[in-house]
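Residue numbers (our numbering): 69 to 277.
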Amino acid sequence: MLMHRIGRGPRQHRRLVPWPRRMQAWRDDREQHAAARAAVRAHAPIRPGERLLAVAWGAGGDVLAATDWALYHQTGQAWARLGWEQVNQADWDEQRHVLAFTGLTPSVPACTVLRLARDWGLPTVAFERVRWAKVVDQRVVLSRQGGARAIARRLPGGAPITWLVIIDHGLDPGDPGVRAGLASALTTLRGLTGLEGSAGSELRITQPW
Numbered sequence: 069m070l071m072h073r074i075g076r077g078p079r080q081h082r083r084l085v086p087w088p089r090r091m092q093a094w095r096d097d098r099e100q101h102a103a104a105r106a107a108v109r110a111h112a113p114i115r116p117g118e119r120l121l122a123v124a125w126g127a128g129g130d131v132l133a134a135t136d137w138a139l140y141h142q143t144g145q146a147w148a149r150l151g152w153e154q155v156n157q158a159d160w161d162e163q164r165h166v167l168a169f170t171g172l173t174p175s176v177p178a179c180t181v182l183r184l185a186r187d188w189g190l191p192t193v194a195f196e197r198v199r200w201a202k203v204v205d206q207r208v209v210l211s212r213q214g215g216a217r218a219i220a221r222r223l224p225g226g227a228p229i230t231w232l233v234i235i236d237h238g239l240d241p242g243d244p245g246v247r248a249g250l251a252s253a254l255t256t257l258r259g260l261t262g263l264e265g266s267a268g269s270e271l272r273i274t275q276p277w
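(1) Could you tell me the distance, in whole angstroms, from the CA atom of A133 to the CA atom of G117?
(2) Would A194 and C179 be called neighbours here (beta carbons separated by less than 8 Å)?
(3) What first and last residue would you give for the alpha helix (DSSP H) that runs through V246?
(4) Can you tell me whether T143 is buried or exposed? The criterion is at least 16 other CB atoms within 10 Å of its CB, across all chains shown.
(5) What do you reckon, are the CB atoms on I229 and L263 nearer than 8 Å?
(6) Would you mind stating whether A218 and V203 have Cβ atoms separated by less than 8 Å?
(7) Output the residue ranges of the beta strand (DSSP E) runs that lie fully inside the stretch 147-183 and measure 3 residues or longer, sorted by chain position.
(8) Check for me: the beta strand (DSSP E) holding R199 runs from which residue to which?
(9) Do the CB positions of L190 and A216 come within less than 8 Å of each other?
(10) If you drop the 5 nearest sequence neighbours on each side, which residues of the same chain put their C-beta closer than 8 Å to that of A112?
(11) Tell me whether G126 is buried or exposed, calling it buried when 16 or more other Cβ atoms sit within 10 Å of its Cβ.
(12) Indicate the three-state DSSP secondary structure (helix, strand or coil) for R105 in the structure shown.
(13) What do you get for D187, buried or exposed, if any count of 16 or more other CB atoms within 10 angstroms of its CB means buried?
(14) Among all the DSSP beta bridges, which residues are the ones paired with H141?
(15) Assign N154 to buried or exposed, taking buried as 16 or more other Cβ atoms, counted over all protein chains shown, within 10 Å of its Cβ.
(16) Under three-state DSSP, which class holds D205?
(17) Count the other CB atoms, across all protein chains shown, that sit within 10 Å of the CB of T256; report buried if there are 16 or more and exposed otherwise.
(18) Which residues in the same chain have their Cβ closer than 6 Å to the Cβ of A253, if we skip the five residues on either side of it in sequence?
(19) Cα separation between V246 and E162?
Here it is in structure tokens:
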């Protein structure tokens with residue numbers, strides 16, 4: 069009778085890492101983590117009121133920082149800031165240690181790709197903050213010629229929700245008919261999502277890349 073074994077299969081001889089070496093690796097990692105946090109606090113242009121949540125070392129020796137408001141990363145000698153409300157999607161390739169962000173509007177890079185040497189939980193923090201910022205992401209119909217993507221994002225620091233509308237190519241954001249259809253669609257969407265109180269918050273209209 070053929071039997072299938074459930075388990076990890078044949079035992080393989082493993083080369084165990086000596087305990088002193090493991091302890092030394094743990095100490096080295098803690099020292100590098102502390103050094104990265106110190107470098108961020110000394111040089112990153114973190115804004116007043118932001119809380120530092122996580123840091124990472126880039127593959128090129130650069131430093132990254134995730135705060136409750138944004139991601140900071142080095143580009144040569146300068147620093148780039150990407151607010152969580154500006155991110156459309158975040159992806160983490162654990163095998164390649166690559167963290168990627170797609171931008172929401174042309175005001176930020178279409179794609180930001182960061183290769184990490186030490187991540188120290190920064191990708192997890194980034195995913196959580198991007199999810200926190202997302203409130204609404206809904207397709208709405210404006211006319212027979214097309215529609216728009218209505219997006220609501222939380223802003224950090226207790227600021228009101230910001231609304232962004234990305235209209236289809238071929239639609240004129242200055243057309244009175246388009247703007248009337250947009251106002252009606254947003255009023256309906258705010259009512260369905262319970263965001264009626266955000267009617268006076270910031271609204272931007274843009275077009276896709």
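A virtual CB, placed ideally from N, CA and C, is assigned to each residue, including glycine.
Remember, predicted model here, so these are calculated numbers, not experimental data.
Quick answer:
(1) Against the sequence shown, residue 133 aligns to sequence position 65. Against the sequence shown, residue 117 aligns to sequence position 49. About 15 Å.
(2) Here residue 194 is taken as the residue at index 126 of the sequence shown, counted from 1. Here residue 179 is taken as the residue at index 111 of the sequence shown, counted from 1. The Cβ atoms of A194 and C179 lie no closer than 8 Å to each other.
(3) Residue mapping note: residue 246 aligns to position 178 of the sequence shown, counting from 1. That run of the alpha helix (DSSP H) goes 244-261.
(4) Residue numbering aside, residue 143 sits at position 75 when the sequence shown is read from its first letter. By the C-beta density criterion, T143 is exposed, having fewer than 16 other C-beta atoms within 10 angstroms.
(5) Here the question's residue 229 lines up with position 161 in the sequence shown. Here the question's residue 263 lines up with position 195 in the sequence shown. Yes; because the gap between Cβ atoms is below 8 Å, this pair is in contact.
(6) Within the sequence shown, numbered from 1, the residue matching residue 218 stands at position 150. Within the sequence shown, numbered from 1, the residue matching residue 203 stands at position 135. No.
(7) Every beta strand (DSSP E) stretch that sits fully inside the stretch 147-183 and reaches 3 residues is listed by chain position as 155-161, 166-171.
(8) The residue given as residue 199 occupies position 131 in the sequence shown. Here R199 belongs to no beta strand (DSSP E); instead the alpha helix (DSSP H) covers 190-201.
(9) Looking up residue 190 in the sequence shown gives position 122. Looking up residue 216 in the sequence shown gives position 148. Not a contact, by the Cβ cut-off of 8 Å.
(10) Translated into the one-based positions of the sequence shown, residue 112 becomes position 44. For A112, the CB contacts under 8 Å within the same chain, skipping 5 residues up- and downstream, are V131, A133, Y140, W147 in chain order.
(11) Here residue 126 is taken as the residue at index 58 of the sequence shown, counted from 1. Classification of G126: buried, given that the 10 Å Cβ count is 16 or more.
(12) Numbered from 1 along the sequence shown, position 37 holds the residue referred to as residue 105. Helix, per DSSP.
(13) As a first step, residue 187 must be located in the sequence shown, where it is residue number 119. Burial is judged here by how many other beta carbons sit within 10 angstroms of a residue's own beta carbon; D187 has at least 16 and is buried.
(14) Along the sequence shown, one-based indexing puts residue 141 at 73. Bridge partners of H141 according to DSSP: L132, A148.
(15) Walking along the sequence shown from the start, residue 154 turns up at place 86. The displayed chain sequence assigns Gln, not Asn, to residue 154. By the beta-carbon neighbour count (other beta carbons within 10 angstroms, threshold 16), Q154 is buried.
(16) Taking the sequence shown and counting its residues from 1, the one referred to as residue 205 is at position 137. If DSSP states are grouped into helix, strand and coil, D205 belongs with the strands.
(17) The residue you call residue 256 lines up with position 188 of the sequence shown. With fewer than 16 other beta carbons inside 10 angstroms of its own, T256 counts as exposed.
(18) Residue mapping note: residue 253 aligns to position 185 of the sequence shown, counting from 1. Here A253 has V208 as same chain residues with Cβ atoms under 6 Å from its own Cβ, once five neighbours each way along the sequence are excluded.
(19) Translated into positions along the sequence shown, residue 246 becomes position 178. Translated into positions along the sequence shown, residue 162 becomes position 94. Between V246 and E162, the C-alpha separation is close to 44 Å.
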